[in-house]
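Novice: So for the sequence shown, the numbering used here puts the first residue at 3; every next one is plus one.
Below is one structure. I have some questions about it.
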Amino acid sequence: MSNSPFISNCAADTIRDAALALKAGHLVAFPTETVYGLGADARNPEAVKRIFEVKGRPTDHPLIIHISSMNQLDKWATDIPKYAIDLARAFWPGPMTLILKRTDFVKDFITGGQNTVGLRVPSDSIAQSLLQEFEKISGSGIAAPSANRFGQVSPTSSADVFEELGDYLSDFDLVIEGGNSTIGIESTIVDCTGDSPIILRPGFVTKENIQSELGSYSVDQYRTSDIKFSGSFEKHYAPECKIILSPEVIEGAGFLALFDFDTPTGMKRIAAPKTVEEFARVLYSTFRSADRIGFSSLVILPPLGTGIALAIRERLEKASRGR
Ligand code: TXA
Ligand code: MG
3 MSNSPFISNC AADTIRDAAL ALKAGHLVAF PTETVYGLGA DARNPEAVKR
53 IFEVKGRPTD HPLIIHISSM NQLDKWATDI PKYAIDLARA FWPGPMTLIL
103 KRTDFVKDFI TGGQNTVGLR VPSDSIAQSL LQEFEKISGS GIAAPSANRF
153 GQVSPTSSAD VFEELGDYLS DFDLVIEGGN STIGIESTIV DCTGDSPIIL
203 RPGFVTKENI QSELGSYSVD QYRTSDIKFS GSFEKHYAPE CKIILSPEVI
253 EGAGFLALFD FDTPTGMKRI AAPKTVEEFA RVLYSTFRSA DRIGFSSLVI
303 LPPLGTGIAL AIRERLEKAS RGR
């Protein structure tokens, strides 16, 4: 286990220390409203290389760059369509990533050599402070994938980050403690490189939200796109226990469903979320609890309907394919 300092006091000077660590080429895991990210200076090839090593992620899988505000957009992206500006105005800061044509400021080590870049302005106050401090010391942009080992469950607390990456971080890397992520599933990813937007990964910003913002455009979801997109791997987000998405009764299995479903006799309820938002928030921590308790199976009744329920089902379907 590494001795990575655990920053639990998020006073301004500790955030500044974290920004300085990034500038010096170290990794800083930080909270966002979606999930925790494993951050590096987006302009430092050695630091970014370590993200891939620590995650065990193939280097041709592009990283999202986090920026403090829309004002930074032109540095990283060019030929930005009007609908993308409208989306940024409507949903940033927040849980949405835009895929845009990149400028020369974006290097191949971020994008896996592709001519596009993923950009996000997070709303979490610690993430915002960190980005702003980083910019004050002439940093620009923090590259950050979710702070988990490749293909595993995204972390929604600093303890989860330690569980995932503690063995791989160095003594100079930092993990910022910022409570539980309020949304709990990864950002909505919108491909903005064509005439109209395509949702590549559903999330808390829903197709309905996007459509109502962009009245006249057609908003597609899940259309096969030739963009490389690791979240689209069939197996992803999977815990060790087997995820079963049908109402089976399995003696001794874990159980997750909205609160109005009774727990079948012989099964152990792990959570009873009251809303789909709460379902999303507790989803990954439920996976982790199930593994910690040692369940061999976790039976889940997926929430029905569109919007966030759809984003939850997308994660569940991938998780149910196993590791
Ligand atoms: O909520 C989130 O998006 C979190 C927090 C930390 O911001 N980040 C996150 O990053 O989920 P990651 O790397 O685990 O997932 C980002 C996804 C990957 O599937 C990646 O392939 C895709 O975004 N992506 C990044 N840049 C891309 C690009 N230029 N074109 C297509 N897909 C891209
Ligand atoms: Mg991820």
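Cβ atoms here follow ideal geometry from the backbone N, Cα and C, with glycine treated the same way.
Note that the structure is a prediction, hence the values are computed from the model and not measured.
#1: Could you tell me the alpha carbon to alpha carbon distance between I302 and L22, rounded to whole angstroms?
#2: Taking the C-alpha atoms as reference points, what is the distance between E250 and V30?
#3: According to DSSP, is F297 part of a helix, a strand, or is it coil?
#4: Give the DSSP-derived three-state secondary structure of S227 in the structure shown.
#5: Are the CB atoms of V192 and I87 nearer to each other than 8 Å?
#6: Looking only at its own chain, which residues have a Cβ that is under 6 Å from the Cβ of G268, when we skip the five neighbours before and after it?
#7: Would L258 and T277 qualify as a contact pair, given that the criterion is a beta-carbon distance under 8 Å?
#8: Considering T61, what are the terminal residues of the alpha helix (DSSP H) in which it resides?
#9: Any idea what DSSP makes of F152, helix, strand or coil?
#10: Based on the DSSP output, what are the partners of A292 in its beta bridges?
#11: Examine the ligand TXA and report whether any of its heavy atoms sits within less than 7 Å of the Cβ of A42.
#12: Please work out which residues of its chain come closer than 8 Å, Cβ to Cβ, to Q134, disregarding the five sequence neighbours upstream and downstream, and give them in chain order.
#13: Is the segment 72-91 touching the segment 185-205, taking contact as three or more C-beta pairs under 8 Å?
#14: Classify E216 as helix, strand or coil using the three-state DSSP reduction.
#15: Identify, in the order they occur along the chain, each residue of the same chain with its Cβ nearer than 7 Å to the Cβ of F281, setting aside the five sequence neighbours on each side.
#16: How is T118 classed by DSSP in three states: helix, strand or coil?
#17: Consider the C-beta atom of S159 and the heavy atoms of the ligand MG; say whether any pair is separated by less than 7 Å.
#18: Please report the straight-line C-alpha distance between I272 and G186, rounded to a whole angstrom.
#19: Under the criterion of a Cβ to heavy atom distance below 7 Å, does I82 qualify as lining the ligand TXA?
#20: So, using beta-carbon positions, are G309 and T184 closer together than 8 Å?
#21: I need the straight-line Cα distance from S322 to A240, nearest angstrom please.
#22: Let me check understanding here. Comparing Cα to Cα, which of T36, Q223, G205 and S198 lies closest to G217?
Specialist: Based on what the coordinates show:
#1: Against the sequence shown, residue 302 aligns to sequence position 300. Against the sequence shown, residue 22 aligns to sequence position 20. Here the alpha carbon of I302 sits roughly 43 Å from the alpha carbon of L22.
#2: Working through the sequence shown from its first residue, we reach residue 250 at position 248. Working through the sequence shown from its first residue, we reach residue 30 at position 28. Between E250 and V30, the C-alpha separation is close to 42 Å.
#3: Along the sequence shown, one-based indexing puts residue 297 at 295. For F297, the secondary structure class from DSSP, reduced to helix, strand or coil, is coil.
#4: Start at 1 with the first residue of the sequence shown, and residue 227 comes out as number 225. For S227, the predicted structure reports a pLDDT of 45, less than 50, and the residue's modelled location is therefore unreliable. A value from the coordinates is still provided. In the structure shown, S227 sits in coil (DSSP, three-state: anything other than H, G, I, E or B).
#5: Stepping through the sequence shown from its first residue, residue 192 is reached at position 190. Stepping through the sequence shown from its first residue, residue 87 is reached at position 85. Taking 8 Å as the Cβ cut-off, V192 and I87 do not qualify as a contacting pair.
#6: Along the sequence shown, one-based indexing puts residue 268 at 266. For G268, where only same-chain residues beyond five positions count, the Cβ hits under 6 Å are E253.
#7: Position 256 of the sequence shown, counted from the first residue, corresponds to residue 258. Position 275 of the sequence shown, counted from the first residue, corresponds to residue 277. Using a Cβ distance threshold of 8 Å, L258 and T277 do not count as a contacting pair.
#8: In the sequence shown, residue 61 corresponds to position 59, counting from 1. No residue range can be given for T61, since it is assigned to no alpha helix (DSSP H) and is classified by DSSP as neither H nor E.
#9: Here residue 152 refers to the residue found at position 150 of the sequence shown. If DSSP states are grouped into helix, strand and coil, F152 belongs with coil.
#10: By 1-based counting over the sequence shown, the position of residue 292 is 290. The partner list for A292 (beta bridge, DSSP) is empty, contrary to what the question assumes.
#11: For this step, residue 42 is matched to residue 40 along the sequence shown. The ligand TXA has no heavy atom closer than 7 Å to the beta-carbon of A42.
#12: Start at 1 with the first residue of the sequence shown, and residue 134 comes out as number 132. S70, listed in sequence order.
#13: The answer is yes - the segment 185-205 touches the segment 72-91, with three or more Cβ pairs under 8 Å.
#14: Here residue 216 corresponds to residue number 214 of the sequence shown, with the count starting at 1. Looking at the sequence shown, residue 216 is not Glu but Leu. The answer is coil: DSSP assigns L216 none of H, G, I, E or B.
#15: Against the sequence shown, residue 281 aligns to sequence position 279. The residues are L260, P275, P305 and I314.
#16: The residue labelled residue 118 in the question sits at position 116 within the sequence shown. Strand at T118.
#17: As a working note, residue 159 is residue 157 in the sequence shown. Proximity of the beta carbon of S159 to the ligand MG is not indicated: no heavy atom of the ligand is located closer than 7 Å.
#18: Locating residue 272 in the sequence shown gives position 270, counting from the first residue. Locating residue 186 in the sequence shown gives position 184, counting from the first residue. Distance between the alpha carbons of I272 and G186 is about 16 Å.
#19: The count along the sequence shown starts at 1 and reaches residue 82 at position 80. Checking every heavy atom of the ligand TXA against the Cβ of I82, none is found closer than 7 Å.
#20: Taking the first residue of the sequence shown as 1, we reach residue 309 at position 307. Taking the first residue of the sequence shown as 1, we reach residue 184 at position 182. Their beta carbons are not under 8 Å apart, which means G309 does not touch T184 by this criterion.
#21: What you label residue 322 is simply residue 320 of the sequence shown in a count that begins at 1. What you label residue 240 is simply residue 238 of the sequence shown in a count that begins at 1. Whole-angstrom Cα-Cα distance: 7 Å.
#22: On the sequence shown, residue 217 is found 215 positions in, with the first residue counted as 1. Of the listed residues, the one whose Cα sits closest to G217 is S198.
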